[in-house]
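Chains as they are written, first to last, in my numbering: chain X, 1 to 114; chain B, 1 to 115. Down below is the structure, laid out as C-alpha cells.
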C-alpha cells in the first residue's frame with residue numbers, strides 16, 4: 001500500500017520569499033508523483049508530475065519539485081512566492097499500474113503575506 | 001485542458017433528504033470516474049471508482065447504499081447521497097479519466113451542508 005505524508009500542515013511566508021513544501025511517500029512499488037493546488041471551494045489543479053526521467057520537474061506558476069528516490073521525497077519549491085499562491089497544496093501518489101487512483105497527502109496550507 | 005462540469009457547486013438540504021451531484025466531462029469520454037470526499041482542512045479521500053456501464057467499486061468504510069454512484073454514460077456520472085445526515089456534510093469532488101493511464105481531471109467540487 002502507498003501512503004503520503006506532508007510534513008507541514010501550514011506554511012506562512014512573506015511575499016517574494018522562497019518556499020519549500022515537503023512531501024514524503026512510502027510504497028513498495030513504483031509510483032507516479034503529483035502536486036496539486038486547491039483554491040478555496042474549488043477543485044484541484046495539477047501543478048506538476050513526475051512519471052520518469054529527469055528527477056527535477058518544472059510545473060506551472062513557477063513551481064518545481066525534485067524526486068529523490070533514496071529519501072522517498074518529492075518536495076515542492078518556488079524561489080519567490082506571490083500573494084496569489086496562497087492556497088492548499090496536495091502531494092499525491094499513484095501506483096504505476098492502478099489507473100487513476102490517487103493517494104493524497106494531508107495537504108499544506110500556504111499563506112503568503114505582504 | 002479538458003472541461004469538467006460538476007454541479008451543484010453548493011447545496012444545503014434537510015436531514016433525511018437525498019441529494020444528487022452530477023459530473024460531466026464536456027469534451028472527452030470518461031471511461032473511469034473517481035469520486036472523492038474532502039472534510040474541512042483535510043485531505044481528499046477516495047470514495048469509489050466507477051467504470052462506464054459497470055457497478056462502482058467502493059473503498060473500505062464507504063457505504064454503497066448511502067452513496068449511490070451511477071456511471072451510465074461516458075460523459076456523465078452521478079453521486080447520490082441518500083437520506084443525508086449532518087455527518088455527510090462535506091466537499092465532494094469528481095475526477096473523470098479518459099483511459100487508465102491518461103491524465104486526470106477534477107470537477108470544481110460540491111459543498112454539501114446537511115442541516
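We put the beta carbon where it would ideally sit given N, CA and C, even for glycine. Remember, predicted model here, so these are calculated numbers, not experimental data.
Per DSSP, cross-strand counterpart(s) of residue i
i, result
"residue 48 of chain B", "B/35 and B/58"
"residue 11 of chain X", "X/110"
"residue 83 of chain X", "For residue 83 of chain X, which the question treats as bridged, DSSP gives no partner whatsoever."
"residue 81 of chain B", "B/19 and B/67"
"residue 68 of chain X", "X/73"
"residue 92 of chain X", "X/34 and X/104"
"residue 20 of chain X", "X/77"
Environment of residue i [buried if 16+ CB atoms lie within 10 Å]
i, result
"residue 17 of chain B", "exposed"
"residue 110 of chain X", "buried"
"residue 85 of chain X", "buried"
"residue 10 of chain B", "exposed"
"residue 88 of chain B", "buried"
"residue 83 of chain X", "exposed"
"residue 81 of chain B", "buried"
"residue 19 of chain B", "buried"
"residue 36 of chain X", "buried"
N-terminal and C-terminal residue of the beta strand (DSSP E) that residue i is part of
i, result
"residue 97 of chain B", "90-97"
"residue 45 of chain X", "44-50"
"residue 75 of chain X", "73-78"
"residue 131 of chain B", "In the structure as shown, chain B begins at 1 and stops at 115. Residue 131 of chain B is therefore absent and cannot be evaluated."
"residue 149 of chain B", "No answer is possible for residue 149 of chain B: the residues shown for chain B start at 1 and end at 115."
"residue 56 of chain X", "56-58"
"residue 34 of chain X", "31-38"
"residue 24 of chain X", "24-26"
"residue 113 of chain B", "110-114"
"residue 29 of chain B", "Here residue 29 of chain B belongs to no beta strand (DSSP E), and DSSP marks it neither H nor E."
Note to self: For the segment 22-41 of chain B against the segment 87-96 of chain B, do three or more pairs of beta-carbon atoms, one drawn from each stretch, fall closer than 8 Å, so that the two count as touching?
What the structure shows: yes
Next item on the list: Below 9 Å between beta carbons is the criterion; list the residues of the segment 44-63 of chain X that meet it against any residue of chain B, in chain order.
Entry: 44, 45, 46 and 49
Checklist line | Residues in the segment 88-113 of chain B having any Cβ partner in chain X nearer than 8 Å | finding: 91, 93, 95, 97, 100, 101, 102, 103, 104, 106, 107, 108, 109 and 111
Notebook entry, point to check: Going along the chain, which residues of the segment 30-58 of chain B sit with their C-beta nearer than 9 Å to a C-beta in chain X?
Noted result: 32, 34, 36, 38, 41, 42, 43, 44, 45, 46 and 49
Check: Given a limit of 8 Å on CB to CB distance, which residues of the segment 82-96 of chain X reach chain B?
Finding: 90
Next item on the list: Spell out a yes or no on whether the segment 90-110 of chain X and the segment 8-18 of chain X are touching, meaning 3 or more CB-CB pairs, one atom from each, closer than 8 Å.
Entry: yes
Note to self: Tell me whether the segment 69-84 of chain X and the segment 12-19 of chain X touch, counting them as touching only if at least three CB pairs, one residue from each stretch, are closer than 8 Å.
What the structure shows: yes
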